[in-house]
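Those letters in the sequence shown? Residues 13 to 516, per my numbering, in order.
Ideal Cβ positions, reconstructed from N, Cα and C, are used throughout, including at glycine.
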Amino acid sequence: MKIYNAIEAKRLEAYVTEHDGIKPIEIVEQAAKTLYEEIQRLVEISQSVKVFAGPNYNGCISLALARYMSKGGYGVEVYLFNTAGQLSPECQTNRDRLVQGAPQAVFHEITQKFELPHLTEDDVVIDGLFGIGLSEPLTSSFALLVKFINNSPSRTISVDIPSGLMAEDNTQTLGSPIIRADYTLSLQGVKPAFLMADCQPYIGKCKILDLGIDSLPDDTPALYTLDEEYEMQLLLKPRDPFGNKGTFGHALLIAGSYGMAGAAVIAARAAMGSGIGKLTVHTPSLNNTILQTAVMEAIIHNDDDNFRFTTPEPTDAYDAVAIGPGLGTKQETAVAFMEQISHTVKPLIIDADGLNILSEHRGWIQQIPKDTILTPHPKEFARLFGQSTNDFDMINQAREQARHQQIYIVLKGHYTAICAPSGHVYFNTTGNSGMASAGTGDALTGILLSLLAQGYTPLDACRLGCYLHGLAGDLAADELSEEGMTVRDLVHYLPYAIKQLKNA
């Protein structure tokens with residue numbers, strides 16, 4: 013699914029109006045009907061409803077919604093803010109329709125002074141003050157109104173987006189007054205801001221409402237994509253029934269140090285559980301017994317050093333290489349790491365301590381081969397490329413680095429962002445907070461390594477690998493709870509995740 017920012021969304025509205033002959037007022041009416049259907053599930057008929065509407069598109073929709081709710085038997089009180097004395101034509105039309113068609117609704121048009129209403133825990137606030145067209149933080153009277161609503165005991169439902177929140181870049185608005193919604197009913201699609209962790213406190217429970225506008229051209233450009241099940245099904249390759257272990261790839265995993273054998277075990281098990289034909293693990297000799305016992309399917313190559321990685325491995329015999337989990341950052345290891353990646357011409361993944369080594373030697377980043385996959389979590393990313401002011405800024409930094417270095421950056425989080433060399437960002441939709449525990453990143457490395465070795469492109473491996481990784485976590489959480497699951501459970505459910513995706 014494409015995700016459009018505010019500018020792109022406006023272009024699409026214009027396209028629908030021009031090519032399909034759907035007038036803006038008709039879109040508003042459809043939006044209000046769709047919202048009303050959903051709000052009936054959220055609001056009891058006995059509850060009092062306070063609608064706060066601005067003089068813009070969101071206010072126009074909220075006025076139409078108030079009309080539907082009033083006619084449906086809700087007790088509705090509407091506050092339309094028209095302090096500039098300028099309503100849009102659609103807003104003026106719906107103002108008149110509300111006043112004439114639903115006289116039982118209490119209507120206030122605010123042109124100057126506004127007396128704050130009394131809000132109780134039995135009230136429901138409909139926030140239709142501002143939408144995605146907002147271009148600056150809220151100030152003066154609107155800022156006070158937002159603070160008043162946030163401090164009230166009422167439940168708040170935001171139309172399309174919480175007022176005060178930008179659709180995409182909230183660098184200037186975070187910290188300013190923003191509606192803290194209990195529910196956000198987003199119209200027609202996801203807003204980029206909804207995918208940012210620092211915007212979550214304002215959004216509450218979010219539901220996307222389809223307005224039935226399905227005539228948008230497939231080639232309409234968008235900077236962001238939300239990866240969904242049907243797209244991942246298309247990426248999943250059919251298994252060759254006449255294949256052998258050579259058909260499905262041979263990968264090299266360079267992982268582990270003394271005391272960190274578990275990282276190598278987790279990554280190796282995840283690789284073996286996601287379709288690879290053969291796996292070789294390069295690890296210090298003191299980890300040999302652990303690896304041979306825990307991952308008996310893998311081939312073990314012992315490093316010349318008993319404790320850490322110091323001896324680069326030739327890669328000609330392999331289809332893909334991953335390096336980093338549990339490696340450590342000792343000087344000898346760092347030198348061997350740099351020699352390893354500079355001589356690797358096969359598809360490459362750098363994770364965990366591989367990223368930490370790069371952060372300690374930032375000049376080496378320029379020598380990373382093109383199309384390499386880096387898998388940092390936010391703290392690792394900050395150590396690599398510097399601090400960000402907020403989540404949007406961090407994703408923008410990742411986009412620029414991916415484009416500049418011509419690499420793939422998998423920025424791990426609730427909605428893991430896959431930043432491609434093209435500058436496009438793909439957000440993953442699977443996963444849960446139960447995966448916020450040690451080792452889950454190592455499992456992702458193993459999955460990505462397996463897919464690369466099987467011949468997936470780096471982009472497809474990133475998108476499909478993140479989806480399967482999160483889906484396995486979701487299956488584990490469904491069975492065991494988010495609190496009780498561990499990375500071992502995630503790896504256990506990985507084959508089930510593949511099966512579910514194939515059979516969906």
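Considering only their Cβ atoms, is the gap separating residue j from residue i smaller than 9 Å?
i	j	result
L506	A484	yes
Q59	G85	no
P36	T29	yes
V158	P189	yes
S170	G216	yes
G336	L367	yes
Y438	D239	yes
V40	I138	no
I161	S198	no
Y330	A263	yes
A44	V63	no
Take the Cβ of residue i as the centre, count every other Cβ of all protein chains shown within 10 Å, and call the residue buried at 16 or more, exposed below.
i	result
F404	buried
D135	buried
V357	exposed
K424	buried
G274	buried
R251	exposed
Y16	buried
T457	buried
P163	Before going on, a small fix: residue 163 reads as Asn here, not Pro. The residue in question, N163, is exposed, as its Cβ has fewer than 16 Cβ neighbours within 10 Å.
P213	exposed
R281	buried
Q124	exposed
A21	buried
K203	buried
A209	exposed
D315	buried
If I measure Cβ to Cβ from residue i and keep anything under 7 Å in the same chain, skipping five residues before and after, which residues do I get?
i	result
W376	M350, L370
L502	M447, T452, A455, A484, G485, A488
F260	G287, I288, G289, Q466
Please return the same chain residues whose Cβ sits closer than 6 Å to the Cβ of residue i, not counting the five positions on each side in sequence.
i	result
K83	A114
D383	P470
L247	D472, L476
G71	A65, C103, G140
C478	T428, N440
N299	G268, A273
L131	S164, S166
Going by C-alpha distance, which of the options is nearest residue i?
i	options	result
G283	Q116, R109, L460, I73	Contrary to the premise, residue 283 reads as Ala rather than Gly in this sequence. Out of Q116, R109, L460, I73, L460 has the C-alpha closest to the C-alpha of A283.
S297	G446, P233, T322	T322
Y427	Q418, Q413, I407	I407
A155	G258, T185, V61, E372	T185
G340	P324, R320, A332	R320
S462	A334, R415, M81	A334
P359	L513, F119, A332	A332
D328	D315, D316, Y69, H355	H355
L513	Q379, E243, I302, K257	E243
M13	I34, T237, L146	T237
E25	G224, V347, E412	G224
Q343	E372, I353, D316, K511	E372
N515	G258, E494, K391, Q245	Q245
Grab me the residues of residue i's own chain with a C-beta within less than 8 Å of its C-beta, minus the 5 sequence neighbours each way, in chain order.
i	result
G482	T428, N440, T441, T442, G443, N444, M447
Next item on the list: Please determine if the region 282-297 and the region 311-326 are in contact, where contact requires at least 3 C-beta pairs separated by less than 8 Å.
Entry: Under the 8 Å Cβ criterion, the region 282-297 counts as touching the region 311-326, having at least three qualifying pairs.
Margin query: Quick test of the definition: if touching needs 3 or more C-beta pairs under 8 Å, does the region 133-151 touch the region 103-113?
Written below: Fewer than three beta-carbon pairs drawn from the region 133-151 and the region 103-113 are found closer than 8 Å, and the two stretches are therefore not classed as touching.
Next item on the list: Please confirm if the region 444-451 is in contact with the region 495-505, defined as three or more CB-CB distances below 8 Å between the two stretches.
Entry: Touching, yes, given that three or more Cβ pairs across the two stretches are closer than 8 Å.
Check: Is the number of C-beta pairs between the region 385-405 and the region 359-369 that are closer than 8 Å three or more?
Finding: The count of Cβ pairs closer than 8 Å, one atom from the region 385-405 and one from the region 359-369, reaches three, so the stretches are in contact.
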